[in-house]
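Chains as they are written, first to last, in the numbering used here: chain A, 1 to 298; chain B, 299 to 696.
We treat Cβ as the ideally placed atom computed from N, Cα and C, and that holds for glycine.
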Amino acid sequence: MVKISELTDEELLYGHKLCQGCGAGIVARLAMKILGRKTTVTLPASCMSSVTTIYPQMSFFTNSMTSAFPATAAVLSGISAGYKAQGLEGINVLGIAGDGGTADIGLQALSGAVERGDDFLYICYDNEAYMNTGIQRSGLTPYGAWTSTTPVGQQSTGHRQFKKNLFEIMIAHRIPYCATASASYPMDLLNKIDKARSIRGPKFIHVQAPCPTGWGFPPEKTVEVGRLAVQTGLWYLAEYEQGRVSINLKPARFKPASEYLKIQKRFKHLTDDDIRVIEEHRDREWKILTNFVNLTEG
Amino acid sequence: MNAPDRKRAFISGGEAVAIAARLCRPDVVAAYPITPQTVIVEKISDYVAAGEMRAQFLLVESEHSALAAVMGASMSGVRTFTATSSQGLLYMCEMLHYVSGSRFPVVMANANRTVAAPWNIFGDHRDSISQRDSGWIQLYVENCQEALDTLIQAYRIAEDSRVLTPVMVNLDGYVLTHTYENVEIPAQEIVDGYLGPFKPVNAFSFEKPKSLCFTAPPEWQTEFRYQQQEAMGAAQRIIAEADREYGRLTGRCYGGLVDEYNVRDADCVLVAMGSVAGTARIVAERLRDRGHKVGLVKVRSFRPFPKEYFRELGKKMKAVGVIDRDISFGYEGALYSEIRSALYTPGVSVRTINFIAGISGRDIKQEYIESMYEQLRRIAEGENVPEIQYPGLRWQTW
Numbered sequence: 001m002v003k004i005s006e007l008t009d010e011e012l013l014y015g016h017k018l019c020q021g022c023g024a025g026i027v028a029r030l031a032m033k034i035l036g037r038k039t040t041v042t043l044p045a046s047c048m049s050s051v052t053t054i055y056p057q058m059s060f061f062t063n064s065m066t067s068a069f070p071a072t073a074a075v076l077s078g079i080s081a082g083y084k085a086q087g088l089e090g091i092n093v094l095g096i097a098g099d100g101g102t103a104d105i106g107l108q109a110l111s112g113a114v115e116r117g118d119d120f121l122y123i124c125y126d127n128e129a130y131m132n133t134g135i136q137r138s139g140l141t142p143y144g145a146w147t148s149t150t151p152v153g154q155q156s157t158g159h160r161q162f163k164k165n166l167f168e169i170m171i172a173h174r175i176p177y178c179a180t181a182s183a184s185y186p187m188d189l190l191n192k193i194d195k196a197r198s199i200r201g202p203k204f205i206h207v208q209a210p211c212p213t214g215w216g217f218p219p220e221k222t223v224e225v226g227r228l229a230v231q232t233g234l235w236y237l238a239e240y241e242q243g244r245v246s247i248n249l250k251p252a253r254f255k256p257a258s259e260y261l262k263i264q265k266r267f268k269h270l271t272d273d274d275i276r277v278i279e280e281h282r283d284r285e286w287k288i289l290t291n292f293v294n295l296t297e298g
Numbered sequence: 299m300n301a302p303d304r305k306r307a308f309i310s311g312g313e314a315v316a317i318a319a320r321l322c323r324p325d326v327v328a329a330y331p332i333t334p335q336t337v338i339v340e341k342i343s344d345y346v347a348a349g350e351m352r353a354q355f356l357l358v359e360s361e362h363s364a365l366a367a368v369m370g371a372s373m374s375g376v377r378t379f380t381a382t383s384s385q386g387l388l389y390m391c392e393m394l395h396y397v398s399g400s401r402f403p404v405v406m407a408n409a410n411r412t413v414a415a416p417w418n419i420f421g422d423h424r425d426s427i428s429q430r431d432s433g434w435i436q437l438y439v440e441n442c443q444e445a446l447d448t449l450i451q452a453y454r455i456a457e458d459s460r461v462l463t464p465v466m467v468n469l470d471g472y473v474l475t476h477t478y479e480n481v482e483i484p485a486q487e488i489v490d491g492y493l494g495p496f497k498p499v500n501a502f503s504f505e506k507p508k509s510l511c512f513t514a515p516p517e518w519q520t521e522f523r524y525q526q527q528e529a530m531g532a533a534q535r536i537i538a539e540a541d542r543e544y545g546r547l548t549g550r551c552y553g554g555l556v557d558e559y560n561v562r563d564a565d566c567v568l569v570a571m572g573s574v575a576g577t578a579r580i581v582a583e584r585l586r587d588r589g590h591k592v593g594l595v596k597v598r599s600f601r602p603f604p605k606e607y608f609r610e611l612g613k614k615m616k617a618v619g620v621i622d623r624d625i626s627f628g629y630e631g632a633l634y635s636e637i638r639s640a641l642y643t644p645g646v647s648v649r650t651i652n653f654i655a656g657i658s659g660r661d662i663k664q665e666y667i668e669s670m671y672e673q674l675r676r677i678a679e680g681e682n683v684p685e686i687q688y689p690g691l692r693w694q695t696w
């Protein structure tokens, strides 16, 4: 377990140009605190790469690189194989990618690398749309959300598909370790990164990272919005390790979804019917998760 | 020095490439199977399984990932190898630019095969030619021996600190990959001495962390591109040097950027790339016996392109014919364009013909090549013939 009093003051990510209140920035900064200097950071085209690796300014104080959009996991495989060939140990081969770079264009490479069992840690910061290119929908955009490619108009009421469940996709690979997490629950996130670091093979952490710019809320509300996502049950904190699924935080009662949805501009057009659909979907997702827990118990 | 034991083997071009790769001791190999490159991948799998090759072999799920993985490995500071063909090369397209733009000395074999559609697994140069501007050095070989030798040379070229540019060694699908030849295999110590250990330049370091494949804003892009072009300029010299040095060690060299046959006193020459040069040489030899002053130029290096060589050649020839196993739709064969561009200098009035042949595995018969030389003789004597010709075309109109 990570002790906050023992956490380093050293910052390995600073001087970047992320938006105020960026959830992804919290995730990357905390990850670097756990992983330290002996880390290589691979970033595909994303907010994170386009604000940290602009020549001649480098915002990661470890080795870092920008990969092709679909290639993050394949690059991680290659780096990992290179260090293995040199007999070098104790290097954290880290990938930090957005939701589009992971669940859409990067999914094939990720699946291949996980199936091969290559040794790396992949963190997907999920801000639920292509934010770097200007808020276009991705395969992880939630139901009902406005994006610049799912606008609200006479013939359209925003995004009409539900998020892919990446956690379950990774479980289907029987990956050594995967988890969901949130930028708003730092201790949970830090512990998961710390645990992942100690495991050999592929590790995947899917972190919800609220985005004030794309979701439409004030930058000082990032942590609050992320917490509401978990408290309403619209995002869950769970883990899969050694073949078992566990839930890290189980709200005694879900807050109404509207408490989370109504404070974001992207959801402001939603009707009561829409919110009902979202809550029904949430309940189904939790049922599936609970079934996973029961199935993999003991 | 004492000549080491000469070892010969009756092997296919694919196996020759795999043996060459083994001799170069890459630390990481990543590849995805595609016909007709598969022989290379299978042989390397055998070597790794038998412990004859100490490489991490990543059996990736796509060509895009194959090149991404070797790029990652190169960043970690090791020598790498991959191989592909046709659709696979096209699927790698994005990564080709990443690897060259970030100056990783990756070496790749490409088993030349046409690209769909119409779909076909047989050979022409449309795959690699379509990647002309990807920033890779492109070398083409004539036979299995040259495939083996050139692949070894490729590492020396790519890793030279003045070059640091990836190299694609192109060998014709089937005609070379699946054709057996008696190939001489250099001793391991010769190759070890020739290449030396891998010296990582553009690689991560934990003493002095680096950012690689970074974003370069408009203020800097031109400078990075200029450096790539300068490296290609240096490569012209290094390719020739690497070939000469290899010749000194093994007794085999190939003329550097171009390989000439009976060019010095010729009036007319054909220019070709890849295995068709072998057929053309036989025909040229026969025509010489009959007293025709014909020659052959084999282009080994398509990028960097030997512009100076062709500029000088143009001053001496009456007619130059170019065989293209590709076509740039809406213009002409790509090799022809390059050569025409190089020939075009004040006072040069050499005449030229472009022969589009060998598309998608179609035979380039000796009679076609004889006819090509005949056409060159005719234009040299002032006759007019069509500038772009398609030997063997069913709807031939000329």
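Margin query: Given this structure, state the Cα-to-Cα distance separating Ala367(B) from Pro515(B), to the nearest angstrom.
Written below: Translated into the one-based positions of the second sequence, residue 367(B) becomes position 69. Translated into the one-based positions of the second sequence, residue 515(B) becomes position 217. Straight-line Cα distance between these residues: approximately 26 Å.
request  = Answer with yes or no whether the minimum CB distance from Met530(B) to chain A is below 8 Å.
outcome  = Looking up residue 530(B) in the second sequence gives position 232. Met530(B) does not count as touching chain A.
- Task: From the DSSP output, in three-state form, read off Phe627(B) for me.
- Result: Reading the second sequence from its first residue, position 329 is the one you call residue 627(B). Coil.
- Query: Where does the unbroken beta strand (DSSP E) through His206(A) begin, and where does it stop?
  - Reply: Stepping through the first sequence from its first residue, residue 206(A) is reached at position 206. Where His206(A) is concerned, the enclosing beta strand (DSSP E) stretches over 202 to 208.
Residues of the segment 384 to 409 of chain B with Cβ closer than 7 Å to any Cβ of chain A, in chain order: Glu392, Met393, Tyr396
**Message:** Report the CB separation of Ala456(B) from Val404(B) in whole angstroms; it is logged as a contact under 8 Å.
**Reply:** As a first step, residue 456(B) must be located in the second sequence, where it is residue number 158. As a first step, residue 404(B) must be located in the second sequence, where it is residue number 106. Rounded, the Cβ-Cβ distance is 7 Å, consistent with contact.
Next item on the list: Locate the alpha helix (DSSP H) running through Val225(A), then write down its first and last residues.
Entry: As a first step, residue 225(A) is located in the first sequence; it is residue number 225 there, counting from the start. Counting along the chain, the alpha helix (DSSP H) containing Val225(A) begins and ends at 222 to 231.
Practice problem: Leaving out five residues on either side along the sequence, give the residues of the same chain with a beta carbon under 6 Å from the beta carbon of Gln20(A). | Solution: Taking the first sequence and counting its residues from 1, one reaches residue 20(A) at position 20. Taken in chain order, the residues that qualify are Pro219.
Practice task
Can you tell me which of Tyr688(B), Asp422(B), Thr412(B), Pro498(B) puts its alpha carbon nearest to the alpha carbon of Ser459(B)?
Solution key: As a first step, residue 459(B) must be located in the second sequence, where it is residue number 161. Checked all of Tyr688(B), Asp422(B), Thr412(B), Pro498(B); the closest Cα to Ser459(B) is Pro498(B).
Checklist line | Per DSSP, cross-strand counterpart(s) of Phe60(A) | finding: As a position in the first sequence, residue 60(A) is number 60, starting the count at 1. Note: Phe60(A) sits in a beta bridge opposite Leu13(A).
Residue-chain proximity (Gly508(B), chain A), Cβ-Cβ < 8 Å: The count along the second sequence starts at 1 and reaches residue 508(B) at position 210. At residue 508(B) the sequence reads Lys, which differs from the Gly that was named. For Lys508(B), the answer is yes, since a Cβ of chain A falls inside 8 Å of its Cβ.
* Asked: For Phe496(B), which three-state DSSP category applies?
  -> For the purposes of this step, residue 496(B) is identified with residue 198 of the second sequence, where counting begins at 1. Of the three classes helix, strand and coil, the one that applies to Phe496(B) here is coil, per DSSP.
| message | Buried or exposed for Pro44(A), going by 16 or more other Cβ atoms inside 10 Å? | response | The residue given as residue 44(A) occupies position 44 in the first sequence. Counting Cβ neighbours within 10 Å, Pro44(A) comes out buried, since at least 16 surround it.
Neighbour list for Lys33(A) in chain B, Cβ cutoff strictly below 8 Å: For the purposes of this step, residue 33(A) is taken as the residue at position 33 of the first sequence. Within chain B, no residue comes near Lys33(A); the closest Cβ sits about 16 Å away, beyond 8 Å.
Report task. Using a Cβ-Cβ cut-off of less than 8 Å, list which residues of the segment 18 to 45 of chain A approach chain B; keep chain order. Result -> Arg37, Lys38, Thr40, Thr42
Meets three-Cβ-pair contact criterion under 8 Å: the segment 585 to 595 of chain B and the segment 380 to 395 of chain B: no
For this session: Say whether chain A places a C-beta atom closer than 8 Å to the C-beta of Thr513(B).
Result: Position 215 of the second sequence, counted from the start, is the residue given in the question as residue 513(B). Chain A contact via Cβ: present.
Can you tell which of Val567(B), Lys341(B), Met351(B) has its C-alpha closest to the C-alpha of Gln486(B)? Residue numbering aside, residue 486(B) sits at position 188 when the second sequence is read from its first letter. Among Val567(B), Lys341(B), Met351(B), the Cα nearest to that of Gln486(B) is on Met351(B).
(Q) Under DSSP, the beta strand (DSSP E) around Thr382(B) begins and ends at which residues? (A) For the purposes of this step, residue 382(B) is taken as the residue at position 84 of the second sequence. Unbroken beta strand (DSSP E) run through Thr382(B): 378 to 382.
**Request:** Output yes if chain B places a C-beta closer than 8 Å to the C-beta of Lys265(A); else output no.
**Result:** As a first step, residue 265(A) is located in the first sequence; it is residue number 265 there, counting from the start. Lys265(A) does not count as touching chain B.
| said: Distance check for Asn291(A) and Tyr301(A), CA to CA, integer angstroms please. | reply: Because chain A in this structure spans residues 1 to 298, residue 301(A) falls outside the shown range and cannot be described.
With 8 Å set as the bound, which would you pick, yes or no: does the beta-carbon of Pro684(B) sit closer than that to a beta-carbon of chain A? Working through the second sequence from its first residue, we reach residue 684(B) at position 386. No, its Cβ sits nowhere closer than 8 Å to a Cβ of chain A.
Problem - Start-to-end residues for the beta strand (DSSP E) that takes in Lys305(B) - result: Here the question's residue 305(B) lines up with position 7 in the second sequence. Segment 305 to 310, the beta strand (DSSP E) holding Lys305(B).
- Query: If we count Cβ pairs, one from each stretch, closer than 8 Å, do we get three or more for the segment 51 to 67 of chain A versus the segment 500 to 520 of chain B?
  - Reply: yes
Burial state of Glu517(B) (16 or more Cβ within 10 Å): Reading the second sequence from its first residue, position 219 is the one you call residue 517(B). Looking at its Cβ environment, which holds fewer than 16 other Cβ atoms inside 10 Å, Glu517(B) is exposed.
Helix, strand or coil for Gly117(A)? Go by DSSP, reduced to three states. Counted from its first residue, the first sequence places residue 117(A) at position 117. Coil at Gly117(A), not helix or strand.
Exercise. Looking only at its own chain, which residues have a Cβ that is under 8 Å from the Cβ of Gly619(B), when we skip the five neighbours before and after it?
Worked result: Along the second sequence, one-based indexing puts residue 619(B) at 321. If we look at Gly619(B) and ignore the five residues flanking it on each side, its Cβ neighbours are Cys566, Val567, Leu568, Val569, Thr650, Ile651, Asn652, Phe653, Met670, Tyr671, Gln673, Leu674.
Trp696(B) to Ala407(B), Cα distance in whole Å?
-> Taking the second sequence and counting its residues from 1, the one referred to as residue 696(B) is at position 398. Taking the second sequence and counting its residues from 1, the one referred to as residue 407(B) is at position 109. For Trp696(B), the predicted model reports a pLDDT of 49, less than 50, meaning its position is unreliable; a value from the coordinates is still stated below. Rounded to whole angstroms, Trp696(B) to Ala407(B) spans 38 Å at the Cα level.
DSSP state of Phe167(A) mapped onto helix, strand, coil: Locating residue 167(A) in the first sequence gives position 167, counting from the first residue. In the structure shown, Phe167(A) sits in a helix (DSSP, three-state: H, G or I).
* **Presumed contact (8 Å Cβ cut-off) between Thr52(A) and Phe60(A), rounded CB distance** => Residue mapping note: residue 52(A) aligns to position 52 of the first sequence, counting from 1. Residue mapping note: residue 60(A) aligns to position 60 of the first sequence, counting from 1. With a Cβ gap of about 6 Å, Thr52(A) and Phe60(A) count as contacting.
Identify the continuous alpha helix (DSSP H) that holds Arg523(B) and give its terminal residues. One-based indexing of the second sequence puts residue 523(B) at position 225. Here the alpha helix (DSSP H) through Arg523(B) covers 516 to 548.
Helix or strand or just coil, what does DSSP make of Trp696(B)?
Position 398 of the second sequence, counted from the start, is the residue given in the question as residue 696(B). Per-residue confidence for Trp696(B) stands at a pLDDT of 49, beneath the threshold of 50, marking its modelled position as unreliable; the derived number appears in the next sentence. In this structure, Trp696(B) counts as coil in the three-state DSSP scheme.
How would you list, in chain order, the residues of chain B whose beta-carbon sits under 7 Å from the beta-carbon of Thr66(A)?
For the purposes of this step, residue 66(A) is identified with residue 66 of the first sequence, where counting begins at 1. Near Thr66(A) (Cβ distances below 7 Å), the residues of chain B are Cys511, Phe512, Thr513.
| query | Of the residues that make up the segment 515 to 547 of chain B, which ones have a beta carbon closer than 7 Å to any beta carbon in chain A? | reply | Pro515, Trp518
- Query: Can you list the residues of chain B that Pro70(A) reaches, using a CB-CB cut of under 7 Å?
  - Reply: Indexing the first sequence from 1 puts residue 70(A) at position 70. What Pro70(A) touches in chain B: His362.
Decide if the segment 184 to 204 of chain A is in contact with the segment 258 to 276 of chain A; the criterion is three or more beta carbon pairs, one per stretch, under 8 Å apart.
no
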